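What follows is a set of notes on a single structure, which appears directly below.
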Amino acid sequence: MAEVATNGSEVPVAAAPAVAAATAVFTGLKVQVTVPAGRAEEAVAFYKAAFAAEEVSRSTHPKRKGEGEESALLCAELKVGAATLLVCDQAGDDVPAVSKDGAAATGLVLRLETDDVNAAAAQAATAGAALKGEVTEDCCGLGATLVDPFGVTWVLASATSAKKCA
Numbered sequence: 001m002a003e004v005a006t007n008g009s010e011v012p013v014a015a016a017p018a019v020a021a022a023t024a025v026f027t028g029l030k031v032q033v034t035v036p037a038g039r040a041e042e043a044v045a046f047y048k049a050a051f052a053a054e055e056v057s058r059s060t061h062p063k064r065k066g067e068g069e070e071s072a073l074l075c076a077e078l079k080v081g082a083a084t085l086l087v088c089d090q091a092g093d094d095v096p097a098v099s100k101d102g103a104a105a106t107g108l109v110l111r112l113e114t115d116d117v118n119a120a121a122a123q124a125a126t127a128g129a130a131l132k133g134e135v136t137e138d139c140c141g142l143g144a145t146l147v148d149p150f151g152v153t154w155v156l157a158s159a160t161s162a163k164k165c166a
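Residues in the sequence shown are numbered from 1 upward in steps of one, following full-length UniProt numbering.
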């Protein structure tokens, strides 16, 4: 058996194993935004101001011997509406930090639904986000695109309704 690759050539597909593999149960999805080292506190403050995020928990880097200052933020768990957002400091090269054009490079866009797109866009802009274009309306409702100070692209959208595009 073979599949056709994007370049048109056939690629062999591995046969199914004779023994059934264990089935994983997924219990949730948390979006993790990794920011450049030392900017996690700033990012948490931004998400609180821009999206009324509530901090649920945080973990810190352990203090090193001889350091007099407080431990730096490693990761904070925030609630944004019903969603969970993890904001983490970059620690090493295993997870790259978002760059100024990070969303374009990864294709990742975070969609945040709200009852007032205009107010949400104004609030995010006041907190430091850059609005890309204007608030627009289509068959799905109002929408606005913005980029936060950490390079993450957000789409603010009217809460999902029964309205459908024709």
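Every residue gets a Cβ at the ideal spot worked out from N, C-alpha and C, and that includes glycine. Quick caveat, the model's predicted, so the values are computed rather than measured.
Query: Beta strand (DSSP E) segment containing T145, residue limits; Result: 141–147
Query: Among G81, G143, R58, L78, nearest to A72 - alpha-carbon criterion; Result: R58
Query: Residues near K132 in its chain [Cβ-Cβ closer than 7 Å; skip 5 each side]; Result: T145, L146, V147
Query: Residue nearest to L141 in terms of C-alpha spacing, selected from D116, A43, T126, L85; Result: Checking the sequence, you will find Gly at residue 141 rather than Leu. Of the candidates D116, A43, T126, L85, the one whose C-alpha sits nearest the C-alpha of G141 is D116.
Query: Nearest to L156 (by Cα), restricted to the options F150, K48, V109, V44; Result: V109
Query: DSSP three-state assignment for Q123, whether helix, strand or coil; Result: helix
Query: Cβ pair A53, L85 closer than 8 Å; Result: yes
Query: Alpha-carbon to alpha-carbon, E137 and A49; Result: 25 Å
Query: C-alpha gap between Y47 and G143, whole angstroms; Result: 19 Å
Query: Cut-off 6 Å between Cβ atoms - residues of its own chain near A43, not counting five sequence neighbours on either side; Result: V35, V87, F150
Query: DSSP three-state assignment for K79, whether helix, strand or coil; Result: strand
Query: Whole-angstrom distance between T27 and V75, CA atom to CA atom; Result: A small fix is needed here, since residue 75 is Cys in this sequence, not Val. Whole-angstrom Cα-Cα distance: 20 Å.
Query: Residue interval of the alpha helix (DSSP H) (run including A45); Result: 40–51
Query: Distance between V25 and G38 (C-alpha atoms, nearest Å); Result: 35 Å
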